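Those letters in the sequence shown? Residues -19 to -1, 1 to 211, per mature numbering (1 follows the signal peptide of the UniProt record, and there is no 0), in order. A virtual CB, placed ideally from N, CA and C, is assigned to each residue, including glycine. From a predicted model like this one, the values you see are computed outputs, not experimental measurements.
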Amino acid sequence: MIATAILLAGLLAPGQALAEKKYHISNDLEASASVGGVWVFHDDVDAYMTYGVTLDYFINEFWSVEAEFLAYEFFMNADLDSDQKNFFRNYEVIPSAYVTQLLASMGYTASQQDVAAEYIEAVNRSAMPVPTRDENISGYGFTVGPRFNFFPTEMGGLFLAMGVGAAVTDEEVPYSGNTNFFSFKTEIGQDLRVTDNFSFLIRMGFRHLGGFNPQQLDGVGGSVGVGYTF
């Protein structure tokens, strides 16, 4: 009986000590670094990668205010077929010399060949460049919003995070689109506490970049990260 009592005491004591720990308490600040990706529903953009930091200030164990700062790397579709590109989007230039030679062989006069050459040059100047996956289009942005932690335990908790903000890019994304974007996110995630200060975070959800028009970039994706609570 004495041995049994000692065993029960040994099993219950750690559990009671652990139960006293809080997942997050008022005035906690959690900083996390993450990397992720978003698959985009757009003809000209396949996906983009994200990496950055997220800060959460906890009002209590259930609610926090979340500020996210991310950098973006876009992966363009090599076979662009957006209706916003003109008919000549598949060509960087039209070889005007070949066209004038063809016209000459068909008996057109020199003046008619010059008019055709001028028209082709105008088309070349207005034609979209042909992007490839190797082109580096990047940007950065932020969102701010609430985070709600469902049923937090001493080991972590499931949470829902939302945010609104803005983003900018160094080139138009898509190419006939914008360089300044409104951004919105809604995510569900798991914050799994590894130690009293360190935790592992997994997030999945929906992200929106741009206005509400054909240039908008909507997508779904997720991220993984490591957090530290001060």
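Opening and closing residue of the alpha helix (DSSP H) in which residue i lies
{"i": "V80", "result": "77 to 86"}
Opening and closing residue of the beta strand (DSSP E) in which residue i lies
{"i": "H189", "result": "179 to 190"}
{"i": "S164", "result": "159 to 174"}
{"i": "I118", "result": "118 to 134"}
{"i": "F140", "result": "137 to 154"}
Helix, strand or coil at residue i according to DSSP, with G and I counted as helix
{"i": "E54", "result": "strand"}
{"i": "Q196", "result": "coil"}
{"i": "D25", "result": "coil"}
{"i": "Y4", "result": "coil"}
{"i": "E47", "result": "strand"}
{"i": "E102", "result": "helix"}
{"i": "D9", "result": "coil"}
Top-ranked residue by Cα proximity to residue i, from the options
{"i": "L173", "options": "G137, V205, I118, F43", "result": "G137"}
{"i": "F123", "options": "I169, P76, H189", "result": "H189"}
{"i": "G120", "options": "E153, V96, Y100", "result": "E153"}
{"i": "G208", "options": "P195, N117, N8, N178", "result": "N178"}
{"i": "P195", "options": "A12, D25, P76, E42", "result": "D25"}
{"i": "G191", "options": "P155, T210, L182, T167", "result": "P155"}
Cβ distance (whole Å) where residue i is taken to contact residue j below 8 Å
{"i": "A142", "j": "S164", "result": "The pair is not a contact, with the Cβ atoms about 13 Å apart (cut-off 8 Å)."}
{"i": "G144", "j": "V125", "result": "6 Å"}
{"i": "S15", "j": "L182", "result": "7 Å"}
Query raised in the report: Is the region 47 to 54 in contact with the region 76 to 95, if contact means three or more CB pairs nearer than 8 Å?
Result: Cβ pair count under 8 Å is below three, so no.
Query - Cβ contact (3+ pairs, closer than 8 Å) linking the region 124 to 140 and the region 151 to 161 - result: The region 151 to 161 and the region 124 to 140 do not touch, with fewer than three beta-carbon pairs separated by less than 8 Å.
Query raised in the report: Can at least three beta-carbon pairs, one atom from the region 14 to 31 and one from the region 194 to 209, be found at a separation below 8 Å?
Result: Verdict: yes, contact present.
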